[in-house]
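See structure below.
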Amino acid sequence: MFPLRDYDLAATLGCGQAFRWALRGNALEGVVSGRWVRLRSEGPNLFAEVAETPPDWHWLTAHLRLDEDLAGILATFPDDPAMRAATAACRGLRLLRQEPWECLASFILSSTKQIVQIRQCVQSLCERFGDPVAAPADAGPQFAFPAAARFAAAAEPELRACKLGFRAKYLRDAARRVAEGELDLETLRGLPTPAARERLMACFGVGRKIADCVLLFAYGRQDAFPVDVWVLRALQQLYFPKRRPSKARLQRFTETHFGPNAGYAQQYLFHYMRLAAGRPGAAALTARSW
DNA sequence: TTCCAGGAATCAA
DNA sequence: TTGATTCATGGA
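Be aware that the first sequence starts at 89, since it is given in our numbering, and climbs by one per residue.
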């Protein structure tokens, strides 16, 4: 059990930054660092159920960023109407601290796919290529996220069987680079964001947006601001309703306007736009939305 | 049916 | 540099 303050667990795990969480009853089940876990938030407490008692809980507390001071972060957001509305609508939404390979691989699958489809692809890949992990019988078979070497060794048709489409060759290319050490995801931690971004974008199929997702969701880089179709609409409609700046111009605007926690602000804008469009990742939490 | 989805590579101008 | 096209697949 962990204290939980100012933390919307359902929004955090369902807002489209991670793809392995499933809603079962009032609990969220997923696999983190090769461990199955069932999470349930009740008032000020978070209850975590695992299959095998771990030596410590850092793998979970770090992943969920349980020690982070949300109020301090929200206080750094720009005081404009858009961010005030987004903060009011999404309060409690958190960023996770994901494993780089799983994050990179997942977002390679994400291009022009809906979040629900990305989940299905990730699920298929884990079932087909992942090692089984311990889980209670009522949770069903559970699998770890496959190592890069597993995808690198797979034939492209095997990957396409998981509905990857044209992204299959992208995943294989990145998997090969990681498996062979050409791309060392651990050394990226010590690099400045632009240099780390450049390394990621060297992968075939990884552009600015996917690289920024990995930099933000896995490495916690607050100077990474992924601009997808939703965030693009947010920037156009909420900040430049009259003019029609180019995407490059909007990207530059994000580099200066959103402050030291710009990445966090980005996720609030993203989730706010989806809520407004009636695509609840979490708020009006129903089985259908998952 | 038609449109669109947490894009990126490619090619034309 | 910028703009259109193509790439799979399935939800809404």
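Every residue, glycine too, gets a C-beta built ideally from N, C-alpha and C. Every value quoted in this text rests on a predicted model; they were computed, and no experiment measured them.
With respect to the 7 Å criterion, Ala306 and Pro188 are classified as neighbours on the basis of their beta carbons. Within the DSSP bridge table, the entry for Asn133 names Pro91, Glu130 as partners. For Gly102, the enclosing alpha helix (DSSP H) has its first and last residue at 97–102.
Following the DSSP letters along the chain, one finds Arg337 in no beta strand (DSSP E) but inside the alpha helix (DSSP H) bounded by residues 335–345.
Membership of Arg238 in the alpha helix (DSSP H) is indicated by the continuous run 236–241.
If you look at Gly278, you'll find it isn't in any alpha helix (DSSP H); DSSP assigns it neither H nor E. The shortest CA-to-CA distance from Thr342 to any of His359, Arg331, Lys330, Gln310 is the one to Gln310.
Between the segment 171–184 and the segment 264–283, the count of C-beta pairs closer than 8 Å stays below three; the two stretches do not touch.
Under the 8 Å Cβ criterion, the segment 113–121 counts as touching the segment 137–154, having at least three qualifying pairs.
With respect to Pro166, His359 sits apart: the two C-beta atoms are not nearer than 7 Å. Under the three-state reduction of DSSP, Phe292 is assigned to coil, being neither helix nor strand. If the five residues before and after Pro314 are omitted, its C-beta is found closer than 7 Å to the C-beta atoms of Lys297, Asp300, Cys301, Leu304, Gln354, all from its own chain and listed in chain order. Secondary structure of Gly118 (DSSP, three-state): strand.
Under the DSSP assignment, Arg112 falls in the beta strand (DSSP E) whose first and last residues are 110–112. Residue state for Val210 is assigned as helix, using DSSP reduced to three classes. Assignment of beta-bridge partners to Arg123 by DSSP yields Val120. The three-state secondary structure of Gln230, taken from DSSP, is strand. Assigned with DSSP and collapsed to three states, Pro220 falls in strand.
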